[in-house]
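Participant: Under the working numbering, the first residue of the sequence shown carries the number 5, and numbering increases by one thereafter.
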Amino acid sequence: MTHPALRSPVDGIVTNAGEGTAGRIAIRDANGMSHELLHTHRRFVSVGDPVVAGQLVGTMGNTGVIEAYIESGDHYLHYQLKDPAGRRLNPQAYWEQQGPIDPNPAPPAYVDEYRQYLRDAGGVPATSREDVRVLRRVPVRTTERSAFNSKPVEVP
Numbered sequence: 005m006t007h008p009a010l011r012s013p014v015d016g017i018v019t020n021a022g023e024g025t026a027g028r029i030a031i032r033d034a035n036g037m038s039h040e041l042l043h044t045h046r047r048f049v050s051v052g053d054p055v056v057a058g059q060l061v062g063t064m065g066n067t068g069v070i071e072a073y074i075e076s077g078d079h080y081l082h083y084q085l086k087d088p089a090g091r092r093l094n095p096q097a098y099w100e101q102q103g104p105i106d107p108n109p110a111p112p113a114y115v116d117e118y119r120q121y122l123r124d125a126g127g128v129p130a131t132s133r134e135d136v137r138v139l140r141r142v143p144v145r146t147t148e149r150s151a152f153n154s155k156p157v158e159v160p
């Protein structure tokens, strides 16, 4: 059985990566909202990882649907949204309130440095492009430091 890809709905930080009975992936966004994907098959992120909207974070499964910790059949995804106080919100109402979403968001500001990082990572033992986590997206003109080191760089 193949398991469809699950992608992050937002830029944020991973706060849960499989803990609990339902294979939960939770991502906290910049506003403190927790976007939670439950009943996953595999998780490709760890707690503390920065993620960007659209980044592959896992695969769909159905862990915990019938029995805790057990995968029991067809694919199933439970998406839930919690406010900073932990109260569940209606995800449909939340996303409708956000307005139109750009299906092609801007690429990270430091694409050339990121590509060099990927090339360099290929030469390090036990490291591959798949092992490299995508860094948190840095909006253009908002920083004077590189996403890869602390040296000031020219901002495009």
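We put the CB at the ideal spot given by N, CA and C, even for glycine.
1) Along the chain, where does the alpha helix (DSSP H) containing residue 97 start, and where does it finish?
2) The beta strand (DSSP E) that contains residue 64, what's its start and end?
3) Got a sec? Which residues, its chain only, sit under 8 Å from residue 46 by beta carbon, not counting five neighbours each side?
4) Rounded to the nearest angstrom, how far is the Cβ of residue 67 from that of residue 82, given a contact under 8 Å?
5) Only counting the same chain, and skipping five residues up and downstream in sequence, which positions put a Cβ closer than 7 Å to that of residue 32?
6) Select from 14, 35 and 10 the residue whose C-alpha is nearest the C-alpha of residue 88.
7) Assuming residue 52 and residue 11 are in contact, meaning their beta carbons sit under 8 Å apart, how far apart are those beta carbons, in whole angstroms?
8) Quick check: the Cα distance between residue 55 and residue 84, rounded to an integer number of angstroms?
Facilitator: According to the structure shown:
1) That run of the alpha helix (DSSP H) goes 95–102.
2) For residue 64, the enclosing beta strand (DSSP E) has its first and last residue at 60–64.
3) So the qualifying residues of the chain are 7, 62, 63 and 65.
4) Contact flag wrong, Cβ pair sits at about 11 Å.
5) So the list reads 16, 17, 19 and 38, once near-sequence residues are dropped.
6) Comparing alpha carbon positions, the residue from 14, 35 and 10 closest to residue 88 is 35.
7) Not quite, the Cβ-Cβ distance comes to about 19 Å (not below 8 Å), so this is no contact.
8) Roughly 18 Å separates the two Cα atoms.
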